Amino acid sequence: MFINIEGIDGSGKTTLVNNLKNTFPDFYYTREPTDGFDYAGLVPLENEYNSILDFFLFTYDRIRHQKEIKENIKNIVISDRYIASSIAYEGPLIERFFSGIDETIQYLMDVSRPVKCMPDVIIYLDVKIDTALKRIINNRKVLKYRDEKLSVLEKKNVLGFVSTYYLYFLKNIKKFTGTDIRVEYIDANRPENMVLNDTIKIIEKLL
């Protein structure tokens, strides 16, 4: 079984995955970008088409990543980010080339056709933008998108767009993927132990 953990920056996604490792130590854990993916060494100087190039590069990494997932699928695989992350983060940046969110996501899914390995379950950590932003400021001090420093307002706007794409994609996931991927939503505004407990309950029902 392949379980994908998703959520905007500040949702507590990576913290949750680290906590799951203590609860389910025999599961296989992975993430995107993968450890072998040198994003910084591949991206040229900034230009108006970099957002499209970003998606191509992350798709390339995902095509490689799915081999790793398939090799461990007899176990339970948990991935911190997968295709939904790319849709959510790159979609808002390239929407200007298309007529709206539907056409944008459809284009990104067309590019993703070589990715045949889809999650069985996506667990989405749903968090308010202000809560996520507060966590980011407390943990990182510097606000960024990719390597670009952002003001608080700019980061808040980015998270808003990303959240919109996430939720729209997940709501219409069968339309865009052609598969019945199960989506579970968890209120991630609460303390991490409550988020962990809800996630454990979901996973235990799947086993």
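Read in full-length UniProt numbering, the sequence shown has 175 at position 175, and its numbers run on one by one without any break. No residue lacks a Cβ here, since even glycine has one placed at the ideal position from N, Cα and C. Note that the structure is predicted; figures quoted are calculated from it, not measured.
message: Could you tell me the alpha carbon to alpha carbon distance between G36 and K67, rounded to whole angstroms?
response: Numbered from 1 along the sequence shown, position 36 holds the residue referred to as residue 36. Numbered from 1 along the sequence shown, position 67 holds the residue referred to as residue 67. The C-alpha of K67 is placed about 13 Å away from the C-alpha of G36.
query: Excluding the five sequence neighbours on either side, which residues of its own chain have a C-beta within less than 6 Å of the C-beta of residue 276, listed in chain order?
result: The question about residue 276 has no answer here: the residues shown for the chain are numbered 1 through 207.
query: Given R182, which residues of its chain have a CB within under 8 Å of its CB, disregarding the five upstream and five downstream residues?
result: Locating residue 182 in the sequence shown gives position 182, counting from the first residue. Cβ within range, chain order: D120, V121, I122.
- prompt: Are there three or more Cβ pairs, one per stretch, closer than 8 Å when the stretch 88-96 is compared with the stretch 165-177?
  reply: Cβ pair count under 8 Å is three or more, so yes.
task: Could you pull out every residue in the same chain whose Cβ sits closer than 7 Å to the Cβ of D187, ignoring the five residues on either side in sequence?
output: In the sequence shown, residue 187 corresponds to position 187, counting from 1. So the qualifying residues of the chain are D126.
- request: Return helix, strand or coil for T59, following the three-state DSSP convention.
  value: As a working note, residue 59 is residue 59 in the sequence shown. The answer is helix: DSSP assigns T59 an H, G or I state.
- request: Measure the Cβ-Cβ separation of I202 and E184 and say whether it is below 7 Å.
  value: Here residue 202 corresponds to residue number 202 of the sequence shown, with the count starting at 1. Here residue 184 corresponds to residue number 184 of the sequence shown, with the count starting at 1. The Cβ-Cβ distance between I202 and E184 falls below 7 Å.
Contacts around residue 226, its chain only, beta-carbon distance under 7 Å, and the 5 residues preceding and following it disregarded: Because the chain in this structure spans residues 1 to 207, residue 226 falls outside the shown range and cannot be described.
- request: If I'm right that G10 touches I87 with Cβ under 8 Å, what's the distance once you round it to whole angstroms?
  value: Within the sequence shown, numbered from 1, the residue matching residue 10 stands at position 10. Within the sequence shown, numbered from 1, the residue matching residue 87 stands at position 87. At roughly 18 Å, the Cβ-Cβ gap does not stay under 8 Å, so G10 and I87 are not in contact.
task: Please work out which residues of its chain come closer than 8 Å, Cβ to Cβ, to N75, disregarding the five sequence neighbours upstream and downstream, and give them in chain order.
output: In the sequence shown, residue 75 corresponds to position 75, counting from 1. Excluding residues within five positions, the ones whose Cβ falls inside 8 Å are D26, F27, Y28.
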